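A.B. asks:
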Amino acid sequence: MTAIPGLLNDLVDEILCRVPATSLKRLRSTCKRWNRLFKDDKRFASEHCDKAAKEFLFLMLTEKYSISPLSVNYLPHGDGDGLPSVEVKSELILPYRHSNSQFKIAEVFHCDGLLLCTHHGLPPHGSDIVVWNPLTGQIRWIETGSRLKGTNEFVLGYCYNQDKKNMPCTKSFKILYFDPLGEITEIYELNSSDSDPWRRIRDGELTAGWNTYVAEDAVSSKGNYYYIAKEKSKPHLGLSLLKFDFSTEKSSVCVPLPYPFPSYEILSVSSVGGEKLALFLQPNPTYKSEIWVTSKIDDDSTKVVSWSKVLAFDLSPDLQITSQVKFVLDEDKKVVLCCERWMDDDEIHSDDKIFILGEDNKVSEISSGLMETDDKGLWPCIFSYVPSLDRIEGAGGGKRKRAR
């Protein structure tokens, strides 16, 4: 590449910091310096995260144990029913490290552009989970020992570290492991040099005084883990949204749920725009299904978080929305995307559907087509994804494969 006279590297870096992450990927081959900058420079990755326009994409975990991007296209104003069309793109295949076979993803947890994936069933070559950046192709395999069993959960988060004076803070990613009762809680630090990076944190610190409502129904926002729980001493009272802070490694109450009910017909949480959280809820069958959104969640722990109702639906029972439906919300367009699996009467054939819900009970759907299924446990999962240049400490390079 021919140098641009008078244009200093610092100025070039400042410009590149404002380019969306997916566009930067296409610029990697421009010159060796840019390739190193995008791949290996933690300082640049941190500044890019702060300054670049965020891209919010939708991904779906499919019945094939792989992840497919979703293309959401809105019609011009006044055309059609006001709902977008959705297209399921080619699958992103995560190759297994011990062979050319596919790593069968059973669960996925998103945190700032990184995906924490667990294997479907017992992995063929040991108890592995993987941290994966689909944008850069970086992969970090994590040995779990005997932890990968039953309904134990793994979630990803981070705190900030300052490696050198006068340098920007960088993210230090951690994996939180716990059992549903909160009796065993451990942390794995991705930048740890210890021979056994798993360390136990204070007994009961995750759920001290609380019972998780549905352990797998939780999300990450700004590096922290948010989940729904019920106070042990007051089980008859309502549920609350709790936050596990990866800096302090402690949980605290973020905000009570909008209604003071001890259980719900439908209840699920999702991330909105990286700064808010949303609830899809229905207290009981006589209530409408509703979408509630928090106020902006700030790093300031003293700031009060509140709820606002943004949508309400009278959904047909034929839709068969399950109790922990996975969903994403486009707050500006007031549109919800959720996915469900329909089984036929003999439970041999299934059809994974994406429902698009809008104002005034508008509903449309797309179908993946009827297929035979030998696994009724893996349910389709839809989630929002923000591409990033965040590096995975200790990761090897990986190539992203698309299904043919």
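Just so you know, we're using UniProt numbering here: the sequence shown kicks off at 1 and counts up by one.
Cβ atoms here follow ideal geometry from the backbone N, Cα and C, with glycine treated the same way.
Note that the coordinates shown come from a computational prediction; the quantities given were computed from them, not determined experimentally.
Just checking my contact of Ile366 with Val86 at CB under 8 Å: how many whole Å lie between their CB atoms?
C.D. replies: With a Cβ gap of about 6 Å, Ile366 and Val86 count as contacting.
A.B. asks: Span of the beta strand (DSSP E) holding Ala45?
C.D. replies: Premise fails: Ala45 lies in the alpha helix (DSSP H), Lys42 to Lys51, not in any beta strand (DSSP E).
A.B. asks: Can you tell me which of the three DSSP states Val310 falls into?
C.D. replies: Strand.
A.B. asks: I need the straight-line Cα distance from Val88 to Tyr96, nearest angstrom please.
C.D. replies: If you take the alpha carbons of Val88 and Tyr96, they lie about 23 Å apart.
A.B. asks: Along the chain, where does the alpha helix (DSSP H) that runs through Ser90 open and close?
C.D. replies: From DSSP, Ser90 is part of no alpha helix (DSSP H); its letter is neither H nor E.
A.B. asks: Leaving out the 5 sequence neighbours to the left and right, which residues in its chain are closer than 7 Å to Lys230 when beta-carbon positions are compared?
C.D. replies: Closer than 7 Å at Cβ, skipping near neighbours: Trp210, Asn211, Tyr213, Leu239 and Pro262.
A.B. asks: Distance check for Ser289 and Val310, CA to CA, integer angstroms please.
C.D. replies: One C-alpha to the other measures close to 11 Å.
A.B. asks: Does the count of Cβ pairs from the stretch 129–146 and the stretch 106–116 closer than 8 Å reach three?
C.D. replies: Yes: the two stretches touch, three or more of their Cβ pairs being nearer than 8 Å.
A.B. asks: What number of angstroms, rounded off, separates the C-alpha of Asp13 from the C-alpha of Tyr264?
C.D. replies: Rounded to whole angstroms, Asp13 to Tyr264 spans 50 Å at the Cα level.
A.B. asks: Examine the Cβ distances between the stretch 35–44 and the stretch 355–365 and report whether three or more of them are shorter than 8 Å.
C.D. replies: No contact exists between the stretch 35–44 and the stretch 355–365.
A.B. asks: Could you give the C-beta distance for Glu340 and Ile321, rounded to a whole number, given that I count them as a contact under 8 Å?
C.D. replies: Confirmed, about 7 Å.
A.B. asks: Provide the residue span of the alpha helix (DSSP H) that contains Thr22, from first to last.
C.D. replies: Ala21 to Leu27 is the span of the alpha helix (DSSP H), which, as asked, contains Thr22.
A.B. asks: Look up Lys276 in the DSSP assignment and say whether it is helix, strand or coil.
C.D. replies: Lys276 falls in the strand class under three-state DSSP.
A.B. asks: Using only CA atoms, which one of Ser270, His349, Met343 and Pro317 lies nearest to Tyr385?
C.D. replies: Taking only the C-alpha atoms, the option nearest Tyr385 is Ser270.
A.B. asks: Within 8 Å, do at least three Cβ pairs link the stretch 380–394 to the stretch 53–73?
C.D. replies: Yes: at least three Cβ pairs fall under 8 Å.
A.B. asks: What are the boundary residues of the alpha helix (DSSP H) that includes Val155?
C.D. replies: Premise fails: Val155 lies in the beta strand (DSSP E), Glu153 to Asn161, not in any alpha helix (DSSP H).
A.B. asks: Taking the continuous alpha helix (DSSP H) assigned at Asp10, which residues delimit it?
C.D. replies: Where Asp10 is concerned, the enclosing alpha helix (DSSP H) stretches over Asn9 to Leu16.
A.B. asks: What number of angstroms, rounded off, separates the C-alpha of Lys399 from the C-alpha of Val305?
C.D. replies: Because Lys399 carries a pLDDT of 49, less than 50, the predicted location of this residue cannot be relied on, and the following value inherits that uncertainty. Their backbone Cα atoms lie some 41 Å apart in a straight line.
A.B. asks: What is the DSSP secondary structure of Glu359, counted as helix, strand or coil?
C.D. replies: Glu359: helix per DSSP, three-state reduction.
A.B. asks: With DSSP run on the structure shown, which of helix, strand or coil describes Asp245?
C.D. replies: Of the three classes helix, strand and coil, the one that applies to Asp245 here is strand, per DSSP.
A.B. asks: Using 10 angstroms around the beta-carbon of Arg147, count the other beta-carbons present and answer buried if the total reaches 16, otherwise exposed.
C.D. replies: It is buried - the Cβ of Arg147 has at least 16 other Cβ atoms within 10 Å.
A.B. asks: Of the residues Ile392, Lys234, Val253 and His236, which one's Cα is nearest the Cα of Lys243?
C.D. replies: For Lys243, the nearest C-alpha among the options comes from Val253.
A.B. asks: I'd like the span of the beta strand (DSSP E) that includes Tyr226, first residue to last.
C.D. replies: Segment Asn224 to Glu231, the beta strand (DSSP E) holding Tyr226.
A.B. asks: Name the DSSP bridge partner or partners of Ala218?
C.D. replies: Partner(s): Tyr227.
A.B. asks: Rounding to the nearest angstrom, what Cα-Cα distance links Ala278 and Thr294 in this structure?
C.D. replies: So the two alpha carbons sit approximately 6 Å from each other.
A.B. asks: Under 7 Å, do Ser323 and Ile382 count as touching if we go by C-beta distance?
C.D. replies: Not in contact: Ser323 and Ile382 (Cβ atoms no closer than 7 Å).
A.B. asks: Using CA coordinates, which residue listed in Leu257, Ser68, Tyr74 and Cys49 is at the minimum distance from Lys334?
C.D. replies: Comparing Cα positions, the closest option is Tyr74.
A.B. asks: Identify whether Leu37 lies in helix, strand or coil by the three-state DSSP scheme.
C.D. replies: In the structure shown, Leu37 sits in a helix (DSSP, three-state: H, G or I).
A.B. asks: Tell me the DSSP secondary structure of Lys326 in three-state form.
C.D. replies: Strand.
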